[in-house]
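Take a look at the structure set out below.
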Amino acid sequence: MDTLKKILIAILAISFMVFITFFGRLPALRKTPIAWLHRLLWIHFPNLVVSIDQRLTGGRVTGSLSWIYNRLMYDRHPTIVIFFLLIMTVSEYMYLPNIWPKIGLFTKFTASIAVIMPYVFLYLACSADPGYITRENHAYHMSLYPYDYTLFHPGNECRTCRFLKPARSKHCDVCKRCIARADHHCVFINSCVGYGNHHWFLLLLLSTCVLATYGGILGLYLMTSKIKEDYPMWTIWPAKDLEFSDYLAVWGWGIQGDISVGAATLLALLTSPLIWALFLYTLFLIYCGTTTNESMKWTDYKEDMRDGYAFRRPLAPNRPRDLRLEPLCPRWPSSPEHIILATQDAQPPGNDRNYPGEGEWENVWDLKSVDNLYDMGFWHNLGDVFFSDYTVDDGTGEPPAERRPRGRSISTKSGYPQ
Ligand SMILES: [Zn+2]
Ligand SMILES: [Zn+2]
Numbered sequence: 012m013d014t015l016k017k018i019l020i021a022i023l024a025i026s027f028m029v030f031i032t033f034f035g036r037l038p039a040l041r042k043t044p045i046a047w048l049h050r051l052l053w054i055h056f057p058n059l060v061v062s063i064d065q066r067l068t069g070g071r072v073t074g075s076l077s078w079i080y081n082r083l084m085y086d087r088h089p090t091i092v093i094f095f096l097l098i099m100t101v102s103e104y105m106y107l108p109n110i111w112p113k114i115g116l117f118t119k120f121t122a123s124i125a126v127i128m129p130y131v132f133l134y135l136a137c138s139a140d141p142g143y144i145t146r147e148n149h150a151y152h153m154s155l156y157p158y159d160y161t162l163f164h165p166g167n168e169c170r171t172c173r174f175l176k177p178a179r180s181k182h183c184d185v186c187k188r189c190i191a192r193a194d195h196h197c198v199f200i201n202s203c204v205g206y207g208n209h210h211w212f213l214l215l216l217l218s219t220c221v222l223a224t225y226g227g228i229l230g231l232y233l234m235t236s237k238i239k240e241d242y243p244m245w246t247i248w249p250a251k252d253l254e255f256s257d258y259l260a261v262w263g264w265g266i267q268g269d270i271s272v273g274a275a276t277l278l279a280l281l282t283s284p285l286i287w288a289l290f291l292y293t294l295f296l297i298y299c300g301t302t303t304n305e306s307m308k309w310t311d312y313k314e315d316m317r318d319g320y321a322f323r324r325p326l327a328p329n330r331p332r333d334l335r336l337e338p339l340c341p342r343w344p345s346s347p348e349h350i351i352l353a354t355q356d357a358q359p360p361g362n363d364r365n366y367p368g369e370g371e372w373e374n375v376w377d378l379k380s381v382d383n384l385y386d387m388g389f390w391h392n393l394g395d396v397f398f399s400d401y402t403v404d405d406g407t408g409e410p411p412a413e414r415r416p417r418g419r420s421i422s423t424k425s426g427y428p429q
C-alpha cells in the first residue's frame, strides 16, 4: 500500500505542477489562484533559491542551473519531446502486454489505432515547417492576411530577419526566424506552432486526449471486472454498503493486483483532463479566430482601453495604399474599418506621424466595440487552420475584395479575456 500511495502522490504532484505551468500564464486566468501559484512556482520560489544561493555560494549553483534551464527552455533541442515520448512509451510498455490477452479483437484494433496516432501526429507536428518566413516566400506570406490596423500595422520590419513583418507573424527567439500566423513556441514539439503545422498540433492534442481517455477507461473497466470476481456486489460508484476508507482500500487492492496497469491507468485518468483542457483551449482560440500570441496582445489592448490609452478613427475602404508595404490579400474577405492605436500619454495620436485614417480620434473603451478581422466564424477559422490558401466562400458569389468588411465584433464571443 505504501508503494501505491507514493506512486499516487507522485502522479498527482506531477499533474498539478504541469497544470500550473501550462495554464498559469494564460491571459484568461491572469487574476486567479492558478496565475498566483504559477508566479509562486516560477518566479518567487526561484528568486528565493537564488537569494539563498547568493549568500551561500555567491550564486554558483543557481548560475549553472539557470544555464541548464535556459538551454532547456530557450534553445532548440528535443529534450522535452524525448521526455514526452518516454512517458507515453513506458506507460504503454507497462500497460499493453498485461491487458492484451484480456481484450477482444475489436478493442485490440481500436486500441492499436489510439496508440499509433499520437506518434504519427507528433512526428508530423515536429517535422512540418511551422511557417518559416524566408526571402523566397516573403511575398506569399505578405498576401495571406490583411493588416488589421489594431494588432498588426503595416510597415514594421523584423530587426533580425530584415524584412517587413507580415500580418499575424511573429519572430520566435528560439527558432530565430519569423513564423507565419505564429501561435506559440511549443517545447513539446520542439518547434513553433504556426501557419504550417497548427493542424498537426491540434490533431496531436486530440489523439493524445483520445489515447489517455481510452487507456484510462479501459484500465478502469478491466480493474473493476477483476475486483468483481472477488466482490460480485462491487460498483465503481456509488460505494454501496462500504465505508469510504474500505472503498479506497478495495481500489488499492485492485491496483496492486496489477501495479503496472494500475499506475498507467491512474496516470492516464489524471492527465486526461489536462490534455482535454489544452485541446479545448486551442480549439476555443480557433473558434475566436485568434492565436495565443494575438490573445496576449488583445489582453494588453483591453487594459490600455480600460485606462483610456486606446484611440481609433475610421479607415476609408478606398483609401490609397502602398502596395509595397501592404499588398492585396485576395483570399481574405474582410478589410479593416478603423485604425486603433494605444498612446503613451492617454492623449490622441498627434498629426506629426501621418497616421492613416481620417477624422477625429475617439477613445475606445473596451473590446466589445472592436472587430476581430481574423475571425470568419468557427468553420472558416478551422478551414484556415487545416488548409493552406483556404478561401472563404460565403455563397454570395462575389469576389472577396468586393465584399463589405465583416469581421465579427469581439463582443459576440467572450473569448477574449474579460
Ligand atoms: Zn524575424
Ligand atoms: Zn519557435
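In my numbering, the protein residues as written are 12 to 429.
Note that beta-carbon positions come from the ideal geometry of N, C-alpha and C, so glycine has one too.
If you're wondering where the values come from, they're calculated on a predicted model, not measured in any experiment.
The beta-bridge partner set that DSSP reports for Ala353 consists of Ala321. Note on Leu83: under 16 other CB atoms within 10 angstroms of its CB, so exposed under the neighbour-count rule. Here His164 carries a coil assignment [DSSP, helix/strand/coil]. Taken from the Cβ of Thr145, every heavy atom of ligand 1 lies 7 Å or farther away. Counting C-beta pairs closer than 8 Å gives three or more between the region 389 to 400 and the region 206 to 216, which meets the contact rule. In this structure Ile190 touches Pro141 by the C-beta definition: roughly 6 Å separates them, less than 8 Å.
Runs of the beta strand (DSSP E) spanning 3 or more residues and lying entirely within the region 298 to 347 occur at 321 to 325, in chain order.
A distance criterion of 7 Å places the beta-carbon of Ser180 beyond contact range of ligand 2, judged by its closest non-hydrogen atom. Listed in chain order, the non-local C-beta contacts of Cys183 below 7 Å within the same chain comprise Ile190, Ala193, His196, Cys203, local neighbours out to five positions each way being set aside. Met128 and Ser218 do touch by the CB rule: their CB atoms are close to 4 Å apart, below 8 Å.
With fewer than 16 other Cβ atoms from the protein chains shown falling within 10 Å of its own Cβ, Trp390 counts as exposed.
In the DSSP assignment, Leu175 is bridged to Glu168. Beta-bridge annotation (DSSP): Glu373 is paired with Arg323.
Runs of beta strand (DSSP E) with 3 or more residues, each lying fully within the region 168 to 228, are found at 181 to 183, 188 to 190, 195 to 197, 202 to 204, listed in chain order. A contact is defined here as three or more CB-CB pairs under 8 Å, and the region 220 to 239 meets this definition with respect to the region 261 to 276. At least one heavy atom of ligand 1 sits closer than 7 Å to the Cβ of Cys172.
Cβ-Cβ distances below 8 Å link Ser271 to Met105, Tyr106, Asn109 in the same chain, with the five nearest sequence neighbours on each side left out; the list follows chain order. Judged by their CB atoms, Leu334 and Pro367 are not nearer to each other than the 8 Å cut-off. Counting only runs of at least 3 residues, the region 90 to 158 fully encloses no beta strand (DSSP E) element at all. Contact between Asp86 and Val185 holds: their C-beta atoms lie close to 7 Å from each other, under 8 Å.
Going by beta carbons, Asn167 and Lys181 fall outside the 8 Å limit. Here the region 356 to 365 does not lie against the region 286 to 299, with fewer than 3 beta-carbon pairs under 8 Å apart. In its chain, beyond the 5 residues on either side, Phe174 have a beta carbon closer than 6 Å to the beta carbon of His149.
In the DSSP annotation of this structure, Thr43 is not part of any alpha helix (DSSP H), being labelled neither H nor E.
When secondary structure is reduced to three states using DSSP, Asp386 falls in the coil class, being assigned neither helix nor strand. The beta carbon of Arg188 sits closer than 7 Å to at least one heavy atom of ligand 1.
Look at Val403 here: in three-state DSSP terms it is coil, with no helix or strand label. The region 271 to 286 and the region 313 to 326 do not touch, with fewer than 3 CB-CB distances between them shorter than 8 Å.
Note that the C-beta distance between Thr171 and Gly230 is not below 8 Å.
For Lys308, same chain residues with a beta-carbon under 8 Å away, outside a window of 5 residues either side, are Leu162 in chain order.
Scanning Cys340, Gly361, Asn383 for the CA closest to the CA of His152 turns up Cys340. Distances from the CA of Thr32 to each of Asn374, Leu384, Ala46 were compared; the closest alpha carbon is that of Ala46.
In the structure shown, the three-state DSSP call for Gly273 is helix. A distance below 6 Å between beta-carbons, with the five flanking residues on each side excluded, links Ile91 to the following residues of its chain, in chain order: Val198, Phe199. Of all alpha-carbon atoms in Tyr385, Pro347, Asn304, Pro165, the one lying nearest the alpha-carbon of Asn329 is that of Pro347.
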